[in-house]
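Protein chains in written order, with our numbering: chain A, 5 to 344; chain B, 5 to 344; chain C, 1446 to 1803; chain D, 1446 to 1803.
Note that CB positions come from ideal geometry on N, CA and C, so glycine has one too.
Quick notes on the structure that follows.
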Amino acid sequence: MSPSPKPSSNPALAYGTGVPPDLKHLHLEMLRIRVIERRIAERYREQEMRCPVHLSIGQEAVAVGVCAHLQPADKVMSAHRSHGHYLAKGGNVRAMIAELYGRADGCCGGRGGSMHLMDRDSGFWGAVPIVGSTLPIALGLALADKQCGGNARTVAFFGEGATEEGVFTETLNLACVLRVPLLFICENNGFSVYTPLAPRRSPDFRFSDYVRSHGCHYFSGDGNDVEAVCRVTGEALAAMHADPGRPCVVEFATWRYYEHCGPAQDDHLNYRNQAEIEHWSMRDPLAISRARLIAAQPGLEAELDLAEQRQRQDIDAVIEAVRAGVRPSPETLPRGVFAP
Amino acid sequence: MSPSPKPSSNPALAYGTGVPPDLKHLHLEMLRIRVIERRIAERYREQEMRCPVHLSIGQEAVAVGVCAHLQPADKVMSAHRSHGHYLAKGGNVRAMIAELYGRADGCCGGRGGSMHLMDRDSGFWGAVPIVGSTLPIALGLALADKQCGGNARTVAFFGEGATEEGVFTETLNLACVLRVPLLFICENNGFSVYTPLAPRRSPDFRFSDYVRSHGCHYFSGDGNDVEAVCRVTGEALAAMHADPGRPCVVEFATWRYYEHCGPAQDDHLNYRNQAEIEHWSMRDPLAISRARLIAAQPGLEAELDLAEQRQRQDIDAVIEAVRAGVRPSPETLPRGVFAP
Amino acid sequence: MNGSAETRELSFAEAIRDATAVCLQRDPRVFVIGLGVPDPKGIFGTTTGLASEFGADRVLDAPLSENALTGLVIGAALGGRRPILTHQRVDFALLSLEQIVNQAAKWFYMFDGRGGTVPIVIRMIIGRGWGQGPQHAQSLSSWFAHIPGLKVVAPASPADAKGMFIASVEDENPVIFLEHRWLHGMRGPVPTGYHRTPLGKCRVARTGGDVTVVASAHSVIEAMRAADFAAAHAHIEFDVVDVRCLNPLDFETIADSVRKTRRLVVVDDDSRHCGFAGEVVARVCEAGLPLMAPPVRVTWPDCPSPSSAALAEVFYPSDRDVFVAVGKLVGRGLEHATHFPKRPGPVDVPNLEFPGPF
Amino acid sequence: MNGSAETRELSFAEAIRDATAVCLQRDPRVFVIGLGVPDPKGIFGTTTGLASEFGADRVLDAPLSENALTGLVIGAALGGRRPILTHQRVDFALLSLEQIVNQAAKWFYMFDGRGGTVPIVIRMIIGRGWGQGPQHAQSLSSWFAHIPGLKVVAPASPADAKGMFIASVEDENPVIFLEHRWLHGMRGPVPTGYHRTPLGKCRVARTGGDVTVVASAHSVIEAMRAADFAAAHAHIEFDVVDVRCLNPLDFETIADSVRKTRRLVVVDDDSRHCGFAGEVVARVCEAGLPLMAPPVRVTWPDCPSPSSAALAEVFYPSDRDVFVAVGKLVGRGLEHATHFPKRPGPVDVPNLEFPGPF
Ligand SMILES: Cc1ncc(C[n+]2csc(CCOP(=O)(O)OP(=O)(O)O)c2C)c(N)n1
Ligand SMILES: Cc1ncc(C[n+]2csc(CCOP(=O)(O)OP(=O)(O)O)c2C)c(N)n1
Ligand SMILES: [Mg+2]
Ligand SMILES: [Mg+2]
């Protein structure tokens, strides 16, 4: 029986080596993220995590499937909806939870909150809430690596909304011109807050053509099937390896199960249509991988349930430890406006 | 013999009616612009036109060939290199020259200079020097027209450099989403100041695909052949007419013969290669149309020469009148910071 | 004040919605655009239901393209429309400053009037709370005020929100309309129907002879709370000048007050260095108005706004800080500071009903 | 002052080129990027020849993408490089303020140090002349100074241009390096080789007891001309404080001077409302420094900068205006104003050699 993954380690990382991913590990990693975010949602109502939270429940497969290819030295950046990316990249759970609770030992010392995560030790180089803003920054990181002759991979996660910002094409173009092998991962969940695609893109808009016209690779896949995410990401990385310097955009179709921002579900607001909701409710990435695992090995069911139970205990322990922790002290307020 | 075109009228405008353009008129209109700009270049050295000037010498065919399809009620916007567009749209010559001379009767009262032209009476709705900046403004103009149920055409002229700005794709996308029939005219002269395409676009960049991926029409043509410009613009307008609400980008390949900014030629700086320079020197839009006209009707040579002579006299008269004009008075400085 | 005398009790957010509806109704040239404008949350309730009332042609959703959207409304205004553009946070408007500063602000001036006017309203939501953090709780009001040609409005009451919103839409100039998030839920009497409050005039929100306290937007609320307390407990009477419009600035009203009180405190919900509070202090001193003591600014420290409530508490000056600043200036009453009432509930929400998470 | 004592005569532009070469040579992490950086005109001669000397990998041209380029240099800095980004005009940088304000300025603070530092230098050319007009002659220095976390440098001499440029590149923080176009041609002694002038210290450019004149960048030149004339003709002695660094601001040097002179004039090449000059006035008054007369600002009027020389002449304050402001403040010497020497040549160029058209 596999040990319950430690909150601060990422079992999927073992697969950043070309070895095909192991579905059980991927599933457990998704489960860990799901369990953590569910717990955040539940405890958010206590009003002790006093910062906006954008949960990625439903989108775990993209985070896990992509990060399965990455080593700690590889670099990831993200945006407002970044818990999954942070955790899948091996980010410190306790530091993240402490950040949500505004504690001094939060990953930003409580200064950022959920929308600002950072754990460079694990290769998570930052998330910020301005849509599109980390795209060129991630490009700069990748450029630095290239200039230094490094061979780290740099990955930028973003939603399809970010592609509407001018900075997306500017970044893509610069990546192509400067031949910087940035991997862009677009999670297309069809919504920008409550706004569907219709008022944002023409029905004739073709994202694949848009991307390719820059001179960039484009791949796409089912973002709710973690094996598909792994496979497509592997193909993208192979294409990048075969043609060094050419960046790549991978688009994954997915769906968020919770509201845009906050701890609740909000389908009663009717901004998403019933058919879509039903379609996607049948495609929960965890249900898919679990079903697959159990179909192949029925005895696994109990193991997975046990793992989930342990994960719950783990996160509860983390939350309790964090709540007992200290708040940033007022005297630290001015610290670091300028770096020394 | 056709009368010498009056500086403030636009003979080509007669063709905004579906009637095929008359090459002689087009040629004379290009000639008028060329003569005016040559004269600006010559007299610029007197240091009385004290503002940056970006001459369009070599690019007249685009301005004239596009504007041949437009009526005074149609709207044009442009950027830093806008003399040709302003004149071809029927802009008041004297007001433009006065603007270059910083005079009170300049088209912006001397407040703008060459990079800020305006003549709403003739349908020239403004040019500003920030690259890309008039693109969304032109879209707004076209949207207003659509919202009012008008049927004016709105045209935005810009260089290929402007397509590198994020605002270009944002504007294109909004045009497609809101179904606003803006006609984008891209003059691709291969350079952004002294910078060739190489450090700006990947060799794999495909502008046509880029444009079309938004859901926008794309056409292209030889920007140094005024008849080709006319024809391609006509095709673009026909496509827009057939599919109301779909915007269109037309890209014309062309070349500027003078320096980026200022009155001189600068090929001695070697930022453009000799083969290109020679190629384009054989493709002067005026030489092409003149040769065609004379081949068809050899007797025209004298008429054209005479017309040019008259055009020179016209512009010299304008310049002398402008120089005798008044400067904006100091008390007017604060006028109009806020509109009443 | 032009318009109706009848009032009803509305929240600040409802007042903006009401004003927008009035504008949409009265003037067919008006339209509203911005990401989320027709969505179920309706920009914190300020646009709720407008789309179904006025149609999708006049109340438009949009892609994430702040820069082009700003150019779009400028062009539409030049073409004869009167657009209202909404940003859910001022921080997002940073992407559109080229259009705002180079084009909207200067168009009328730089074409010497021949380019036409740019009657647009750009709504920007400012303000703190619920861990918004460094990139969602900036002010930037002094930035906009610094640019010649932009009108900058920051009302503090529901009535002003409505009256100044309508005046902004009717203004021929680009207006930056700043809404402090904490004001959205505050309630007050609002004239019904058409109601216009001219831009460019301060409102004397309270009259007193001991000190002039200049403030705008949510700072006015803090100043008024401090004033109530000071009057009740320390017998210190504030003149509270609600600036309402940061550009053009009605300096005369401020000067008149300072001439009377000879003491000045400026409260400004923004960083201090090169901010609006400094401008008020500079004008008063330049004008040589007699002061009994050096003027005082109550502002944010010059540091980014942190998310954690523990830091937010010290970052944002409170009503009590205003009282203390005044007490020091006046030289009495400070002994009451210890029993200055704390706002009920956590420091990072304006009231117990504030919903979070946004 | 760290570094060489030997000097040679260079222009301000050459000093920046020299400083850039020193940085490229000493530190392999440094690279330069911006549209036109390697072109034949080399950003007004400030980058000429660097590409051939240091290679296209370290001296890069770029597309028109100000916003993404700014993010790119931020990311490169986080990744251990020390990039220098150049904008040919400050006005173009308006497209990149989201990155500068939300990201670069706050990164170190908002991640509590764990996000690393952002050692970038963003060069922006400001300043007037030759009909640049409303969109090519803004200042915006107070905007940058208003943002916590940005260092804002605006040198006035070739030596400072070099010394502060090197200090900027070596600084761990994002530095906005403002170069007034009219300074580029000015010559002066510049230390050879490595030469570093610490940021955040004012320079007392001239010592005198009658009035403190605070200025930065090209305003220092105007102030010094006024000071020379005043000393020679009116026996008025200026303390000229060259601010050099608008944030962090070395207020102590200003305060020391004002304590001595008890008179303050602030000259600022920028609009007045909510500008840097107001901040200096506010600080002096807040500090309660004794003044013999109300402080005075010499700034642009609050209106866009017009192109026509006829309007530029009244728009921009001149050295003579500084003299007049001081004369009024000191209460003597104004009779000499009529023979204040006019700068030779047209008003819209700094000197007869200024080339135009850009
Ligand atoms: C520049 C900017 N504009 C607007 C917002 C407000 N906002 C926050 S998240 C979001 C939706 C973005 O959609 P998408 O990129 O698809 O990500 P998703 O939320 O769907 O994961 C918006 C509009 C923002 N943060 N930044
Ligand atoms: C936003 C912005 N960045 C930089 C500049 C400086 N600039 C002026 S014209 C120009 C070249 C633009 O090239 P293109 O659009 O191809 O027009 P062309 O000059 O070739 O006609 C540049 C970079 C500017 N005016 N605006
Ligand atoms: Mg989305
Ligand atoms: Mg070009």
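Does the Cβ of residue i have 16 or more other Cβ atoms within 10 Å, making it buried, or fewer, making it exposed?
i	result
ASP1605 of chain C	buried
ASP1655 of chain C	buried
SER1753 of chain D	buried
VAL68 of chain A	buried
LEU1694 of chain D	buried
LEU1736 of chain D	buried
HIS1680 of chain D	exposed
PRO1795 of chain C	buried
GLU33 of chain A	buried
ARG1704 of chain D	exposed
GLN51 of chain A	exposed
Taking the C-alpha atoms as reference points, what is the distance between residue i and residue j?
i	j	result
PRO1789 of chain D	SER1750 of chain D	22 Å
TYR1761 of chain C	TRP1745 of chain C	6 Å
PRO166 of chain B	ARG339 of chain B	Strictly speaking, residue 166 of chain B in this sequence is Ala, with Pro absent from that position. The alpha-carbon atoms of ALA166 of chain B and ARG339 of chain B are separated by roughly 32 Å.
VAL1726 of chain C	SER1664 of chain C	16 Å
GLY136 of chain A	SER1510 of chain C	11 Å
GLN317 of chain B	PRO289 of chain B	22 Å
VAL1782 of chain C	VAL1649 of chain C	Reading off the sequence, residue 1782 of chain C comes out as Ala, not Val. Going from the Cα of ALA1782 of chain C to the Cα of VAL1649 of chain C covers about 25 Å.
GLU255 of chain B	ARG216 of chain B	12 Å
GLY1520 of chain C	LEU1495 of chain D	42 Å
GLY153 of chain A	PRO1473 of chain D	13 Å
LEU1623 of chain D	ALA1671 of chain C	42 Å
VAL1743 of chain D	MET1569 of chain C	32 Å
LEU1585 of chain C	GLU239 of chain B	48 Å
GLY1653 of chain C	ILE281 of chain A	60 Å
VAL1685 of chain D	GLY1500 of chain D	42 Å
ALA352 of chain B	LEU1480 of chain D	Residue 352 of chain B lies beyond the stretch modelled for chain B, which goes from 5 to 344, so this question has no answer here.
PHE1785 of chain D	PHE1674 of chain D	7 Å
THR21 of chain B	VAL70 of chain B	Note that THR21 of chain B scores 49 on pLDDT, short of 50, meaning its location in the model is unreliable; the coordinates nonetheless yield the value given after this. C-alpha separation (whole angstroms): 13 Å.
HIS1625 of chain C	ASP1713 of chain C	12 Å
SER12 of chain A	VAL1635 of chain C	In this prediction, SER12 of chain A scores a pLDDT of 35, lower than 50, which makes its location untrustworthy; no coordinate-derived value is stated.
THR237 of chain A	HIS218 of chain A	20 Å
* Members of the segment 204-237 of chain B near chain A, C-beta cut-off 9 Å -> Answer set for the segment 204-237 of chain B: ARG204, ARG205, SER206, PRO207, ASP208, PHE209, ARG210, PHE211, SER212, ASP213, TYR214, VAL215, ARG216, SER217, HIS218, GLY219, CYS220.
* Do the segment 1537-1553 of chain D and the segment 93-112 of chain A make contact, defined as three or more Cβ pairs closer than 8 Å? -> When C-beta atoms of the segment 1537-1553 of chain D are compared with those of the segment 93-112 of chain A, fewer than three pairs fall below 8 Å, so the two segments do not count as touching.
* In chain order, what residues of the segment 1746-1776 of chain D put their CB closer than 7 Å to some CB of chain C? -> For the segment 1746-1776 of chain D, the beta-carbon criterion of a distance under 7 Å to any beta-carbon of chain C is satisfied by ASP1747, CYS1748, PRO1749.
* Note down, in chain order, all residues in the segment 1502-1526 of chain C with a beta-carbon under 9 Å from any beta-carbon belonging to chain A. => Of all residues in the segment 1502-1526 of chain C, LEU1505, ASP1506, ALA1507, PRO1508, LEU1509, SER1510, GLU1511, ASN1512, ALA1513 have a Cβ within less than 9 Å of some Cβ in chain A.
* Asked: Between the segment 168-186 of chain A and the segment 139-158 of chain A, do at least 3 Cβ pairs fall closer than 8 Å?
  -> Yes, the segment 168-186 of chain A touches the segment 139-158 of chain A.
* the segment 127-149 of chain A: positions lying closer than 9 Å to chain C by Cβ -> Answer in chain order: VAL132, PRO133, ILE134, VAL135, GLY136, SER137.
* Specify which residues have a beta carbon nearer than 6 Å to any heavy atom of ligand 4, listing them in chain order. => Chain order is used for the residues whose beta-carbon lies nearer than 6 Å to a heavy atom of ligand 4, namely B:GLY163, B:GLU164, B:GLY165, B:ASN193, B:PHE195, B:SER196.
* May I ask you to list, following chain order, the residues of the segment 1575-1598 of chain C that have a beta carbon less than 9 Å from some beta carbon of chain A? => Under the 9 Å Cβ criterion, the segment 1575-1598 of chain C contributes TRP1575, GLY1576, GLN1577, GLY1578, PRO1579, GLN1580, HIS1581.
* What are the residues of the segment 1787-1802 of chain C that lie near chain A, defined by any Cβ-Cβ distance shorter than 8 Å? -> From the segment 1787-1802 of chain C, only PRO1791, ASP1793, GLY1801, PRO1802 have a Cβ closer than 8 Å to chain A.
* Taking a cut of 7 Å between CB atoms, which residues from the segment 1531-1560 of chain C lie near chain D? -> Considering only beta carbons, the part of the segment 1531-1560 of chain C lying closer than 7 Å to chain D consists of ASP1536, LEU1539, LEU1540, LEU1542, GLU1543, VAL1546, ASN1547, LYS1551, TYR1554, MET1555, in chain order.
* Asked: Can at least three beta-carbon pairs, one atom from the segment 1791-1803 of chain D and one from the segment 1574-1582 of chain D, be found at a separation below 8 Å?
  -> Contact between the segment 1791-1803 of chain D and the segment 1574-1582 of chain D is present: three or more C-beta pairs spanning the two stretches fall below 8 Å.
* Near-chain C residues of the segment 166-180 of chain B (beta-carbon distance less than 8 Å), N- to C-terminal order -> Those residues of the segment 166-180 of chain B that come within reach of chain C (Cβ to Cβ, closer than 8 Å) are GLY170, VAL171, GLU174, THR175, ASN177, LEU178.
* Asked: Relative to chain B, which residues along the segment 1465-1499 of chain D have a C-beta separation below 8 Å, given in chain order?
  -> Taking 8 Å as the Cβ-Cβ cut-off, the segment 1465-1499 of chain D approaches chain B at LEU1480, GLY1481, ASP1484, PRO1485, LYS1486, given in chain order.
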